[in-house]
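One rule links them: number in my numbering = place in the sequence shown (from 1) + 388. Notes follow once the structure below has been shown.
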Amino acid sequence: MRLQLVIVYARLCGAAGLGVLLGSAATGLLNLLTGAVFTSEPDWPAGVPVLTLLGTLVGLASGPLTRRWFAPATPRRRLVFTVGGAVAVPLATAVHTGSIALAFLLILASAAATTTLWIREFRRETAQARALFFGSRRPR
């Protein structure tokens, strides 16, 4: 197994990007529940249909790409990720300037969580190749 750093870096960026989307969607949901979206950005509801369509495409693409490391036992994965993308992308745009500190904390936490999940799976995936390359002992 040959390790290609460009592919590893792209996968790591994708894992962090999924975390950023989830964190900003959580912040947008809080803004939507408190009603801050309608007072600071009154044009936001007009863009929801287009954002929902873009979200379905994001969900369709991220479902198969994250099969091994992000919720691997999810039944009907394509449907779940498509609906999740259709909900998450409009919510991710509902972050307004009054909640930047909260958004930063939620985005940082969720990006760290998804990146950690990806790194754990990557280490598990490459453990056999490392064992062959370094021998039976574990490298330091």
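Don't be surprised by glycine CBs; every beta carbon is placed ideally from N, CA and C.
- Shown here, Gln516 sits in a helix according to DSSP, grouped into three states.
- Within the stretch 412-443, no complete beta strand (DSSP E) segment of 3 residues or longer occurs.
- Residue environment: Val396 is assigned as exposed (fewer than 16 neighbouring CB atoms within 10 Å of its CB, all protein chains considered).
- Check the Cα spacing between Ala449 and each of Val438, Val483, Leu467: the tightest is with Leu467.
- Looking only at Leu406, Leu393, Val394, Ala398, the smallest Cα-Cα distance to Ala500 is reached by Leu406.
- Taking 4 residues as the minimum length, the alpha helix (DSSP H) runs contained wholly in the stretch 452-482 are 465-480, in order along the chain.
- When secondary structure is reduced to three states using DSSP, Gly523 falls in the coil class, being assigned neither helix nor strand.
- Non-local C-beta neighbours of Val483 in its own chain, meaning closer than 8 Å and more than five positions away in sequence, comprise Ser412, Thr415, Gly416, Asn419, Ala491, ordered along the chain.
- Remark: C-beta atoms of Ala404 and Thr502 approach each other more closely than 8 Å.
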